[in-house]
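Taken in sequence, the protein lines are chains C and U.
Each residue of the first sequence is one higher than the one before, starting from 18 at the first, in the working numbering.
Each residue of the second sequence is one higher than the one before, starting from 183 at the first, in the working numbering.
Below is one structure, written out as structure tokens; comments come after it.
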Amino acid sequence: QKEVEQNSGPLSVPEGAIASLNCTYSDRGSQSFFWYRQYSGKSPELIMSIYSNGDKEDGRFTAQLNKASQYVSLLIRDSQPSDSATYLCAVMAGGGNKLTFGTGTQLKVEL
Amino acid sequence: NAGVTQTPKFQVLKTGQSMTLQCAQDMNHNSMYWYRQDPGMGLRLIYYSASEGTTDKGEVPNGYNVSRLNKREFSLRLESAAPSQTSVYFCASSARSTSGGEQFFGPGTRLTVL
């Protein structure tokens, strides 16, 4: 079983819609959760971090964490073609010092 | 602030050749990391340095060595390159190594081993 799992996609949404990206993790001791955006041929860019259960909003992005169910999600409101990228979920165990990444979900926002 | 910089951007090696990938950060971060990214495999940690003077193995350390030259610089060396080391290599840094430490990535080095 992979430690951090994401659906590889592609997830296609129309422009202006809400894109919902999901991630599950296996280590119940995980404490820190991150979402990175990676454009083709570029490096990962940190867009959200979340550490406690519930929602965290930043502009059009909302990260949701549910530790009991071991999942973290990213919602992108009013999706734009510029949001088309691969989104990587990353998890750090409590007291640990290493990130474990999922393989990413490819998002396509269509005109 | 340049953030995290990596050199070179591209490199082609022949099997058995050696090379060093350079990484530097100007954010005064304590921790630095080397990852490789392969299609379908995601980002995998090769080595990391939680603080100046320390280095530790990650998930895929075989065939690599690292040096934390000072707080700013962390290099990755391939002593005898193999085709299996063809990949994109990313360096990252973080203010702290424990939980909550957001990592910031350099632009990457695209390495091909023939």
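Beta carbons are placed, not taken as given, at the ideal position from N, Cα and C, and that holds for glycine.
In this text, all values refer to a predicted model and were calculated from it rather than measured experimentally.
Between the CA atoms of residue j and residue i - distance to the nearest angstrom
| i | j | result |
| --- | --- | --- |
| residue 258 (chain U) | residue 231 (chain U) | 11 Å |
| residue 89 (chain C) | residue 41 (chain C) | 6 Å |
| residue 66 (chain C) | residue 218 (chain U) | 22 Å |
| residue 265 (chain U) | residue 55 (chain C) | 25 Å |
| residue 110 (chain C) | residue 252 (chain U) | 27 Å |
| residue 71 (chain C) | residue 20 (chain C) | 22 Å |
| residue 233 (chain U) | residue 47 (chain C) | 22 Å |
| residue 288 (chain U) | residue 119 (chain C) | 19 Å |
| residue 190 (chain U) | residue 205 (chain U) | 9 Å |
| residue 96 (chain C) | residue 87 (chain C) | 26 Å |
| residue 197 (chain U) | residue 213 (chain U) | 31 Å |
| residue 275 (chain U) | residue 260 (chain U) | 20 Å |
| residue 57 (chain C) | residue 85 (chain C) | 34 Å |
| residue 215 (chain U) | residue 285 (chain U) | 9 Å |
| residue 103 (chain C) | residue 255 (chain U) | 29 Å |
| residue 165 (chain U) | residue 250 (chain U) | With chain U covering only 183 through 296, there is no way to say anything about residue 165 (chain U). |
| residue 22 (chain C) | residue 221 (chain U) | 15 Å |
| residue 194 (chain U) | residue 105 (chain C) | 28 Å |
| residue 32 (chain C) | residue 94 (chain C) | 10 Å |
| residue 192 (chain U) | residue 183 (chain U) | 23 Å |
Boundaries of the beta strand (DSSP E) in which residue i is found, first to last residue
| i | result |
| --- | --- |
| residue 23 (chain C) | Careful: residue 23 (chain C) lies outside any beta strand (DSSP E) and carries neither H nor E. |
| residue 35 (chain C) | From DSSP, residue 35 (chain C) is part of no beta strand (DSSP E); its letter is neither H nor E. |
| residue 187 (chain U) | 186-189 |
| residue 201 (chain U) | 201-207 |
| residue 74 (chain C) | 71-75 |
| residue 68 (chain C) | Note, residue 68 (chain C): premise wrong, no beta strand (DSSP E); not H, not E. |
| residue 95 (chain C) | Segment: none, residue 95 (chain C) is in no beta strand (DSSP E) and carries neither H nor E. |
| residue 53 (chain C) | 47-55 |
| residue 220 (chain U) | 213-220 |
| residue 109 (chain C) | 102-110 |
| residue 193 (chain U) | 192-195 |
| residue 274 (chain U) | 269-276 |
| residue 261 (chain U) | Careful: residue 261 (chain U) lies outside any beta strand (DSSP E) and carries neither H nor E. |
| residue 321 (chain U) | Nothing about residue 321 (chain U) can be reported from this structure: the residues present for chain U run from 183 to 296 only. |
| residue 285 (chain U) | 285-287 |
Short Cβ contact (8 Å threshold) for residue i with residue j
| i | j | result |
| --- | --- | --- |
| residue 116 (chain C) | residue 100 (chain C) | no |
| residue 128 (chain C) | residue 98 (chain C) | yes |
| residue 291 (chain U) | residue 188 (chain U) | yes |
| residue 209 (chain U) | residue 185 (chain U) | yes |
| residue 80 (chain C) | residue 91 (chain C) | yes |
| residue 226 (chain U) | residue 248 (chain U) | no |
| residue 68 (chain C) | residue 61 (chain C) | no |
| residue 121 (chain C) | residue 283 (chain U) | no |
| residue 267 (chain U) | residue 296 (chain U) | no |
| residue 28 (chain C) | residue 36 (chain C) | yes |
| residue 201 (chain U) | residue 277 (chain U) | no |
| residue 245 (chain U) | residue 229 (chain U) | no |
What are the residues in the segment 63-94 of chain C lying within 7 Å of chain U by C-beta distance? Residues passing the 7 Å Cβ filter: 63, 66 and 68.
Interface positions of the segment 225-242 of chain U facing chain C (Cβ-Cβ less than 9 Å), listed along the chain: The segment 225-242 of chain U vs chain C, Cβ under 9 Å: 225, 226, 227, 230, 232, 238, 240 and 241.
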